[in-house]
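Chemist:
2 protein chains.
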Amino acid sequence: MANLKQLAHSLGLSITTVSRALDGYSDVSAATRERVREAAEAAGYRPNASARRLRKQRAELVAVTLPSDPGHVGPPHFLDMLSGCAEHLATAGLNLVIAPVPRGVSELEICQRFVDGRRVDAMLLVRTKRKDERVEYLQSRGIPFVTNGRTESLIPHPFIDGDGFAGFRAATLRFHAAGHRRIGHIAGPQEYYFAHVRRRGWQAAMEECGLATDLCAEGAPLEQGGYLAALELLRQPSRPTALVCATDEMAIGALRALREVDGGSQISIVGHDDLSMGAFTSPPLSTMRMTGENLGATFASLLLRAIAGEPAEDLQELHAIEFVDRDSHRRPPVAA
Amino acid sequence: MANLKQLAHSLGLSITTVSRALDGYSDVSAATRERVREAAEAAGYRPNASARRLRKQRAELVAVTLPSDPGHVGPPHFLDMLSGCAEHLATAGLNLVIAPVPRGVSELEICQRFVDGRRVDAMLLVRTKRKDERVEYLQSRGIPFVTNGRTESLIPHPFIDGDGFAGFRAATLRFHAAGHRRIGHIAGPQEYYFAHVRRRGWQAAMEECGLATDLCAEGAPLEQGGYLAALELLRQPSRPTALVCATDEMAIGALRALREVDGGSQISIVGHDDLSMGAFTSPPLSTMRMTGENLGATFASLLLRAIAGEPAEDLQELHAIEFVDRDSHRRPPVAA
DNA sequence: GTTGACTCCCAAAACGTTTTGGAGGATGTT
DNA sequence: AACATCCTCCAAAACGTTTTGGGAGTCAAC
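First to last, the protein sequences are chains A and B. Residue numbers are given in the working numbering: position 251 of the first sequence equals residue 251, and the series is strictly consecutive. Residue numbers are given in the working numbering: position 141 of the second sequence equals residue 1141, and the series is strictly consecutive.
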């Protein structure tokens, strides 16, 4: 109800003075400033957001696209990340809007809708692809953004990511050191950067050990995808004795496949993401996770720095991946 | 870049005409309308959202507060719900912003911040309490809103909720019919409506069966809360033979407690929410879930109708709860 | 008593849209 | 010929804020 004009009128001051008093400018006397502040407080005055946005040419909004493609918007801890991110952004006066991508619409279109309508000052991108058209578009428009996950873009852009290559290489080497020789990989869709790089990590380790890299099956990054991929590997003439899975959800699907296949419980398994439910599967799922505190807040702070104009090269965070030791990777390597 | 003024100038028309042509008004000739449309398309024109919002006195935004209190923002499927909701709202030109509540700030304050700054046209509320100050505030301000979960507000308001009373009563009676006599309840914090009503459902069934209602322990609505509450019940001189748990997360904690306590695996258990991880616990967790398609879209459509001015009484949906049959409720009732 | 510096305040413009209240011309009606 | 009726179009106001570019007054210094 209360706007600047009414407030100014009731105080016998100009709109300008009231506005500047509330913004703490020095060209209004301390006494007046205080008087204005009290009146504003009493009237419950809050500046009209739309008006300020129009005038300041800033939307005070950031959007994150939610890929809804595979029936699932994202891993369960994803909401925690968004929440932490939104909370951090709020301290800078930015609100986070979630932009789900309806069936039949491309993520690019959603980006454009927000950017071209000047509805947002910046974007947050998740589930990046190796060649990601959203990244290309935003770069061409000069809109600040940060991705969760890298891309193969030639022009550098801000990102935060886990070092999937090192993580999956280390996990594979760990299995090798434990005596495994037939180590399979359950891969995610290779157009996603994370899936590709995790697979390359596994592959590198296998080659270092002089092992064949044919025990690899690809599936959707969901429980069902992991289930089907695992069945495929278990049908091989010489079964794997260990499975390195691109995600926990896939690993849980693989566990189900293992249960169904005779002798499957002998097979070691490890996933990635540290889903909380992994602690309650049987056996409890060993996994990997990105190191670092509060991913969401970091994500937000990178974005704020991008908006402030810091160069992309300074805004790239690659976090180490740590192993989470539970039970599912402890099966002994069965004799060939 | 492109705005109405530039577009109008390049077409040799007035701003008014261009604006009205794009909005499809009949007072601009079909020929002009088409010419304008093409030019707008070619220029990639999108109306400036802030300007329209200011002029139309609508924020085109809806916020949902995310309770971050217990370290956890909400059940895992919560994001799916929000995503479906945002998608549906988008068809009406509304975007959904997520408003996490930082530590030390009340949910009410967050509501006020959005409402008083006219940053939103309406609010979505989740995790309602029996006496919910957010509801009172929004009612007093006349802001449209819908809650996920009921409240004890005397003034009716739009909501969508599951019939926890009937669901928990039915589940308890099911245990009774299977021969159980000492049926415990692991309750959530009673200030939450859902927790209270679920407990009352259990209690009603127990009383109908002439059983004592002292086997009840309360905890935080998380794995840990369920774990502690279950331990408490298992310490009783005469242990329960079955546990009805307010949420799946609590039930999973209870399962852990059961594993740790001698003979615990004899105890039947059921939760509520149908978390996907419940299918992978051992034993797989029997549970309950609200019936109905796409909660998020329903939530959104109730809100749109509330914004359109439909009376609250017509916007209250109470959905039946169905039992999800897995393994954890099949333990035989041990003799007393 | 003029000048400059400083303090406190304000009118007006601007942001880009939608909407109001006509204007001007063509066409039809009396 | 006068009048009403459409059909197209438009100038200007309005939404509520921030910012620009001073204006008036006071005070001290020359």
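For each residue, glycine too, the CB sits at the ideal point set by N, CA and C. Keep in mind the model is a prediction, meaning the values are calculated, not measured.
Taking all protein chains shown into account, do 16 or more other C-beta atoms lie within 10 angstroms of the C-beta of A:I155, making it buried, or fewer, making it exposed?
Modeler: exposed
Chemist: How far does the alpha helix (DSSP H) with B:F1299 in it reach, from first residue to last?
Modeler: 1295-1307
Chemist: Taking 8 angstroms as the limit between beta carbons, can you name the residues of its chain near A:I98, skipping five residues before and five after?
Modeler: Short of 8 angstroms from the beta carbon of A:I98, and not among the five residues preceding or following it, lie these beta carbons of its own chain, in chain order: A63, V64, L66, L82.
Chemist: What would DSSP say about A:G71, mapped onto helix, strand or coil?
Modeler: Residue confidence for A:G71 is low, a pLDDT of 47 falling below 50, so the modelled location carries little weight; the figure read from the coordinates is stated next. Three-state DSSP puts A:G71 in coil, outside helix and strand.
Chemist: Assuming A:G271 contacts A:L285 under a Cβ cut-off of 8 angstroms, what Cβ separation, rounded to an integer in Å, is found between them?
Modeler: 6 angstroms
Chemist: Along chain B, which residues have their Cβ under 8 angstroms away from the Cβ of A:R19?
Modeler: It is Ser, not Arg, that sits at residue 19 of chain A in the sequence shown. What A:S19 touches in chain B, judged by beta-carbon distance under 8 angstroms, is nothing: the nearest beta carbon there is about 15 angstroms away.
Chemist: Between B:V1097 and chain A, is any beta-carbon pair separated by less than 9 angstroms?
Modeler: The Cβ of B:V1097 sits closer than 9 angstroms to at least one Cβ of chain A.
Chemist: Along the chain, where does the beta strand (DSSP E) containing B:H944 start, and where does it finish?
Modeler: Only positions 1001 to 1336 of chain B appear in the structure, and residue 944 of chain B is not among them; the question remains open.
Chemist: Would you say B:I1183 and B:E1317 are within 9 angstroms of each other, going by their C-beta atoms?
Modeler: Taking 9 angstroms as the Cβ cut-off, B:I1183 and B:E1317 do not qualify as a contacting pair.
Chemist: Cα separation between B:E1313 and B:R1305?
Modeler: Each residue's CA atom was taken as its position, placing B:E1313 and B:R1305 some 12 angstroms apart.
Chemist: Measuring only between beta-carbons, confirm whether B:P1144 sits less than 9 angstroms from chain A.
Modeler: For B:P1144, the answer is no, since every Cβ of chain A falls outside 9 angstroms of its Cβ.
Chemist: Between the alpha carbons of A:T32 and A:L7, how many angstroms are there, rounded?
Modeler: 13 angstroms
Chemist: Kindly list, in the order they appear in chain A, the residues whose Cβ is closer than 7 angstroms to that of B:S1265.
Modeler: Ordered by position in chain A, no residue passes the 7 angstroms Cβ test against B:S1265, which lies about 12 angstroms from the chain.
Chemist: Going straight from the alpha carbon of A:L255 to that of B:V1126, what length do you get?
Modeler: 34 angstroms
Chemist: Am I right that A:M250 and A:I186 are in contact with their C-beta atoms under 8 angstroms? What's the rounded C-beta distance?
Modeler: 5 angstroms
Chemist: Does the beta-carbon of A:Q203 have 16 or more other beta-carbons within 10 angstroms, so that it is buried, or is it exposed?
Modeler: buried
Chemist: For A:S140, would you say it is in contact with chain B, using Cβ-to-Cβ distances shorter than 9 angstroms as the test?
Modeler: Cβ-Cβ to chain B under 9 angstroms: no for A:S140.
Chemist: Within 10 angstroms of its Cβ, does A:H88 collect 16 or more other Cβ (buried), or is it exposed?
Modeler: buried
Chemist: Taking any Cβ of chain A, which residues in the segment 1239-1259 of chain B have a Cβ under 8 angstroms from it, in chain order?
Modeler: Listed by position, the residues of the segment 1239-1259 of chain B near chain A (Cβ gap below 8 angstroms) are I1252, L1255, R1256.
Chemist: Comparing C-alpha positions only, which one of B:L1094, B:E1260, B:G1219 sits nearest to B:Y1192?
Modeler: B:G1219
Chemist: Count the other C-beta atoms from every protein chain shown that fall within 10 angstroms of the C-beta of A:H329, then say buried if there are 16 or more, exposed otherwise.
Modeler: buried
Chemist: Please state if the CB of A:D121 and the CB of A:A49 are separated by a distance shorter than 9 angstroms.
Modeler: no
Chemist: Rounded to whole angstroms, how far is the Cβ of B:G1201 from the Cβ of B:F1168, which I believe are closer than 8 angstroms?
Modeler: Between B:F1168 and B:G1201 the Cβ distance is about 3 angstroms, and since that is below 8 angstroms, they are a contact.
Chemist: Strictly under 9 angstroms for the Cβ-Cβ distance: is B:P1100 near chain A by that measure?
Modeler: yes
Chemist: One question on the structure: do B:S1153 and B:K1131 come within less than 9 angstroms of each other, judged by their Cβ atoms?
Modeler: yes
Chemist: Looking only at DSSP bridge pairs, what is B:E1322 linked to?
Modeler: Secondary-structure assignment with DSSP links B:E1322 through a beta bridge to B:R1289.
Chemist: Go ahead and pull the three-state DSSP assignment for B:T1091.
Modeler: Three-state DSSP puts B:T1091 in coil, outside helix and strand.
Chemist: Judging by CA-CA distance, which residue of A:L108, A:I267, A:R239 is the nearest neighbour of A:K129?
Modeler: A:L108
Chemist: Quick one: is A:M123 near chain B, going by C-beta distance under 9 angstroms?
Modeler: No, A:M123 lies away from the interface with chain B (no Cβ there is under 9 angstroms from its Cβ).
Chemist: Does A:A63 come within less than 9 angstroms of chain B when only Cβ atoms are used?
Modeler: yes
Chemist: Applying the criterion that 16 or more other CB atoms from any shown protein chain within 10 Å of the CB defines a buried residue, is A:T91 buried or exposed?
Modeler: exposed
Chemist: Tell me the rounded alpha-carbon separation between A:A166 and A:L228.
Modeler: 26 angstroms
Chemist: Just the chain B side, please: which residues come within less than 8 angstroms of A:G292 by C-beta, in chain order?
Modeler: Simply none; closest approach about 18 angstroms.
Chemist: Identify each residue in the segment 1105-1119 of chain B for which the Cβ-Cβ distance to at least one residue of chain A is less than 7 angstroms, and report them in chain order.
Modeler: D1116, G1117, R1118, R1119
Chemist: Taking C-beta to C-beta, are A:L222 and A:A257 nearer than 9 angstroms?
Modeler: A:A257 sits away from A:L222, with the two beta carbons spaced by 9 angstroms or more.
Chemist: Between A:E87 and chain B, is there a C-beta pair that is closer than 9 angstroms?
Modeler: yes
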